[in-house]
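Protein sequence lines, in the order shown, are assigned to chains D and X. Residue numbering for the first sequence is 1 to 204, as defined by my numbering. Residue numbering for the second sequence is 1 to 204, as defined by my numbering. Notes follow the structure.
There are 2 protein chains.
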Amino acid sequence: MGFSEFTSGLLENAVNEFASLPGIGRKTAFRMVMNLLKRDPADIKRFGDTISKLHNEIRYCKSCHSISDTEICSICSDSKRDQSVICVVENIQDVMTIENTGQFNGTYHVLGGIISPVDGIGPADLKIDSLEERVRSNSVAEIILALSTTMEGDTTNFYLYKKLSRYNVLITTLARGVAIGDELEYTDEITLGRAIKNRNPYQV
Amino acid sequence: MGFSEFTSGLLENAVNEFASLPGIGRKTAFRMVMNLLKRDPADIKRFGDTISKLHNEIRYCKSCHSISDTEICSICSDSKRDQSVICVVENIQDVMTIENTGQFNGTYHVLGGIISPVDGIGPADLKIDSLEERVRSNSVAEIILALSTTMEGDTTNFYLYKKLSRYNVLITTLARGVAIGDELEYTDEITLGRAIKNRNPYQV
Numbered sequence: 001m002g003f004s005e006f007t008s009g010l011l012e013n014a015v016n017e018f019a020s021l022p023g024i025g026r027k028t029a030f031r032m033v034m035n036l037l038k039r040d041p042a043d044i045k046r047f048g049d050t051i052s053k054l055h056n057e058i059r060y061c062k063s064c065h066s067i068s069d070t071e072i073c074s075i076c077s078d079s080k081r082d083q084s085v086i087c088v089v090e091n092i093q094d095v096m097t098i099e100n101t102g103q104f105n106g107t108y109h110v111l112g113g114i115i116s117p118v119d120g121i122g123p124a125d126l127k128i129d130s131l132e133e134r135v136r137s138n139s140v141a142e143i144i145l146a147l148s149t150t151m152e153g154d155t156t157n158f159y160l161y162k163k164l165s166r167y168n169v170l171i172t173t174l175a176r177g178v179a180i181g182d183e184l185e186y187t188d189e190i191t192l193g194r195a196i197k198n199r200n201p202y203q204v
Numbered sequence: 001m002g003f004s005e006f007t008s009g010l011l012e013n014a015v016n017e018f019a020s021l022p023g024i025g026r027k028t029a030f031r032m033v034m035n036l037l038k039r040d041p042a043d044i045k046r047f048g049d050t051i052s053k054l055h056n057e058i059r060y061c062k063s064c065h066s067i068s069d070t071e072i073c074s075i076c077s078d079s080k081r082d083q084s085v086i087c088v089v090e091n092i093q094d095v096m097t098i099e100n101t102g103q104f105n106g107t108y109h110v111l112g113g114i115i116s117p118v119d120g121i122g123p124a125d126l127k128i129d130s131l132e133e134r135v136r137s138n139s140v141a142e143i144i145l146a147l148s149t150t151m152e153g154d155t156t157n158f159y160l161y162k163k164l165s166r167y168n169v170l171i172t173t174l175a176r177g178v179a180i181g182d183e184l185e186y187t188d189e190i191t192l193g194r195a196i197k198n199r200n201p202y203q204v
């Protein structure tokens, strides 16, 4: 059940905007607007201005296509990071997910999607040319393919491998195996099969 | 796990704003911002402007204190509604919930809360004086007390009853009983006890 009766058009507009967000129903949207209305006017204004700014001021790094406040993002312009390693990811979320592991000190390249004929997404729709350009013009030692382990991810990996293997660059992928915390009983056979094949020396 | 690393301060601000909403974590907030970024610039701007407008343009009806675009809301100024019946509710959500039933054709009075000593909310913090003023100055025939069935709700009901019973007005409350769709086995004893005591003739 949602709300269909509003005593205010402005309130209705605000609820409609929040309800347009993914996973937000009209009741939740209403609760959000009510929460905003209880705040200081200055806080509400800052919230609105921040969203309005998004369309004017958000930029994408010219090198890796991640979101950036500057022409070249803070990772691509950081001399303390290994600029010779490029981790290829599908989207900006993945950049942050990997950054949060604290295990990676190279740079990224955001494709903006993966090859998916069903959705009509081909190689030309992705930032593949600019990746090739980065490999060609800079001294890149390694490309890490960090795409989803789906059919589309594998297709994209293969396409990128074909395209980039002509350059003098090491192409790697993320290790596949049994996830930490997973029970063997519930691990799918393909993952388990690969994990046995690619077993590692036991480390104490 | 939340995101702690951002390549853009503006993105981080936007995520923080959404994450300040009730029930929204940082990952969900991030997904919301990403969803906005995929939209038309005009759509993003309208979203932001709608929120900014809230603090300038939202008004409350001078009579019933519900949200309104005008000085007197569309319900209080509607001559087709029974202006002699006032349904007293805790907040604006409750107005809409009752409106959505389509079963009520009177007016409302939004208290803005209920008496709750624990939270430091006393009668003076609620719109009780203006309710009394409405009863005194207009020809009000009935006051429906539609507050929560909690201890605070009962306390407020009792306070309002004491205050308003001196006027020539019928004071009623919502019917209490077993909710439609509820199984008897899982209905609490107090509700069930009241439902038996206040049983109604069976209607075919």
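Backbone N, C-alpha and C define an ideal beta-carbon position, used for all residues, glycine too. All values reported here derive from a predicted model rather than from experimental measurement.
With 16 as the cutoff for other CB atoms within 10 Å, does X/F47 come out buried or exposed?
Your numbering for residue 47 of chain X matches position 47 in the second sequence. Answer is buried; the Cβ neighbour count reaches 16.
Taking the straight line between their C-alpha atoms, what separation do you get for X/L192 and X/T173?
Indexing the second sequence from 1 puts residue 192 of chain X at position 192. Indexing the second sequence from 1 puts residue 173 of chain X at position 173. Rounded to the nearest angstrom, the two C-alpha atoms are 17 Å apart.
When burial is assigned at 16 or more other CB atoms within 10 Å of the CB, is X/A14 buried or exposed?
In the second sequence, the residue the question calls residue 14 of chain X occupies position 14. Per the 10 Å Cβ criterion, buried.
In this structure, does DSSP put X/Y167 in helix, strand or coil?
In the second sequence, counting from the first residue as 1, residue 167 of chain X sits at position 167. In this structure, X/Y167 counts as coil in the three-state DSSP scheme.
Please state whether DSSP places X/R39 in a helix, a strand or coil.
On the second sequence, position 39 is the one that residue 39 of chain X refers to. Three-state DSSP puts X/R39 in coil, outside helix and strand.
Mind checking if D/A14 is an interface residue toward chain X, Cβ cutoff 8 Å exclusive?
Taking the first sequence and counting its residues from 1, one reaches residue 14 of chain D at position 14. Between D/A14 and chain X, the shortest Cβ-Cβ separation is below 8 Å.
Give the residues from the region 15-34 of chain D that approach chain X closer than 9 Å (Cβ to any Cβ), ordered along the chain.
N16, E17, F18, S20, L21, P22, G23, I24, K27, T28, F30, R31, M32, V33 and M34
Sufficient close CB pairs (3 or more, under 8 Å) joining the region 104-116 of chain D to the region 61-80 of chain D:
Counting C-beta pairs closer than 8 Å gives three or more between the region 104-116 of chain D and the region 61-80 of chain D, which meets the contact rule.
Check the Cβ of D/K53 against every Cβ in chain X and list those closer than 7 Å, keeping chain order.
Translated into the one-based positions of the first sequence, residue 53 of chain D becomes position 53. Those within 7 Å of D/K53 in chain X are L10.
Proximal chain X residues relative to D/S66, where beta-carbon distance stays under 7 Å
Indexing the first sequence from 1 puts residue 66 of chain D at position 66. Chain X residues near D/S66: T7.
Which residues mark the beginning and the end of the alpha helix (DSSP H) in which D/T97 is found?
Indexing the first sequence from 1 puts residue 97 of chain D at position 97. Segment I92 to T101, the alpha helix (DSSP H) holding D/T97.
Endpoints, the beta strand (DSSP E) within which X/L145 is located
The sequence position of residue 145 of chain X within the second sequence is 145, counting from 1. First-last of the beta strand (DSSP E) with X/L145: E142 to L145.
Find the residues of chain D that neighbour X/T50, judging by a C-beta separation of less than 7 Å, and give them in chain order.
Walking along the second sequence from the start, residue 50 of chain X turns up at place 50. At a C-beta separation below 7 Å, X/T50 has these neighbours in chain D: N13, A14 and E17.
Hey, is D/F104's beta-carbon within less than 8 Å of any beta-carbon in chain X?
Numbered from 1 along the first sequence, position 104 holds the residue referred to as residue 104 of chain D. With 8 Å as the cut-off, D/F104 does not count as an interface residue toward chain X.
Between X/V95 and chain D, is there a C-beta pair that is closer than 8 Å?
Sequence index remark: in the second sequence, residue 95 of chain X carries index 95 (1-based). Interface residue, yes.
List, in order along the chain, the chain D residues whose C-beta lies closer than 7 Å to that of X/P41?
Counting from one through the second sequence, the residue named residue 41 of chain X turns up at place 41. What X/P41 touches in chain D: H55.
If you measure beta-carbon to beta-carbon, which residues of the region 73-89 of chain D are closer than 8 Å to chain A?
In the structure shown, chain A does not exist; the protein chains are D and X.
Is the region 136-148 of chain X in contact with the region 82-89 of chain X, if contact means three or more CB pairs nearer than 8 Å?
These segments touch.
List the whole-angstrom C-beta distance separating X/L36 from D/L54, where the pair is believed to meet the contact cut-off of C-beta under 8 Å.
For the purposes of this step, residue 36 of chain X is identified with residue 36 of the second sequence, where counting begins at 1. For the purposes of this step, residue 54 of chain D is identified with residue 54 of the first sequence, where counting begins at 1. Right, their Cβ atoms sit about 6 Å apart.
State yes or no: is the beta carbon of X/F47 nearer than 8 Å to at least one beta carbon in chain D?
In the second sequence, the residue the question calls residue 47 of chain X occupies position 47. So yes, X/F47 belongs to the interface.
X/L164, buried or exposed, once every other Cβ within 10 Å from all chains shown has been counted against 16:
To locate residue 164 of chain X, count along the second sequence from 1; it is residue 164. The residue is buried, with at least 16 neighbouring Cβ atoms inside 10 Å.
Could you have a look at D/T70 and say whether DSSP puts it in helix, strand or coil?
On the first sequence, residue 70 of chain D is found 70 positions in, with the first residue counted as 1. Three-state DSSP puts D/T70 in coil, outside helix and strand.
If you draw a straight line from the alpha carbon of X/F158 to that of X/I115, how long is it in whole angstroms?
The residue labelled residue 158 of chain X in the question sits at position 158 within the second sequence. The residue labelled residue 115 of chain X in the question sits at position 115 within the second sequence. Roughly 10 Å separates the two Cα atoms.
With 8 Å as the threshold, decide whether the Cβ of D/G125 is near any Cβ in chain X.
For this step, residue 125 of chain D is matched to residue 125 along the first sequence. The identity of residue 125 of chain D in the sequence shown is Asp, whereas the question assumes Gly. Taking Cβ atoms only, chain X never reaches closer than 8 Å to D/D125, which makes this a no.
Closest to X/A175 by C-alpha separation, out of X/S20, X/N91 and X/R194, would be which residue?
Here residue 175 of chain X refers to the residue found at position 175 of the second sequence. That would be X/R194, whose Cα lies nearest to the Cα of X/A175.
So for D/R134, helix, strand or coil by DSSP?
Here residue 134 of chain D is taken as the residue at index 134 of the first sequence, counted from 1. It is helical.
Can you tell me which of the three DSSP states X/V178 falls into?
The sequence position of residue 178 of chain X within the second sequence is 178, counting from 1. Coil at X/V178, not helix or strand.
Just the C-alpha distance for X/E189 and X/R199, rounded to the nearest angstrom, thanks.
Start at 1 with the first residue of the second sequence, and residue 189 of chain X comes out as number 189. Start at 1 with the first residue of the second sequence, and residue 199 of chain X comes out as number 199. Distance between the alpha carbons of X/E189 and X/R199: 15 Å.
Contact list for D/D69 against chain X, beta-carbon separation under 9 Å:
Here residue 69 of chain D refers to the residue found at position 69 when the first sequence is read from its first residue. T7, S8, G9, L10 and L11, listed in chain order.
Taking 8 Å as the threshold (beta carbon to beta carbon), is D/I44 in contact with chain X?
Residue mapping note: residue 44 of chain D aligns to position 44 of the first sequence, counting from 1. With 8 Å as the cut-off, D/I44 counts as an interface residue toward chain X.
What is the DSSP secondary structure of X/I58, counted as helix, strand or coil?
Counted from its first residue, the second sequence places residue 58 of chain X at position 58. Of the three classes helix, strand and coil, the one that applies to X/I58 here is coil, per DSSP.
To the nearest angstrom, how far is the alpha carbon of X/F18 from that of X/A29?
Stepping through the second sequence from its first residue, residue 18 of chain X is reached at position 18. Stepping through the second sequence from its first residue, residue 29 of chain X is reached at position 29. Roughly 5 Å separates the two Cα atoms.
What residues in the region 168-201 of chain X have a beta carbon less than 8 Å from any beta carbon of chain D?
Going along the region 168-201 of chain X in chain order, one finds no residue with a Cβ nearer than 8 Å to chain D.
Per the DSSP calculation, D/I121 is bridged to which residue(s)?
Numbered from its first residue, the first sequence carries residue 121 of chain D at position 121. Residue pairing by DSSP places D/I121 opposite D/S116 in a beta bridge.
Reference D/V135; option with closest CA among D/E152, D/M96 and D/Y167:
Numbered from 1 along the first sequence, position 135 holds the residue referred to as residue 135 of chain D. Ranking the options by Cα distance to D/V135, first place goes to D/Y167.
Apart from the five residues just before and just after X/S68, which ones in its own chain have a Cβ nearer than 6 Å to its Cβ?
Indexing the second sequence from 1 puts residue 68 of chain X at position 68. If we look at X/S68 and ignore the five residues flanking it on each side, its Cβ neighbours are R59 and C61.
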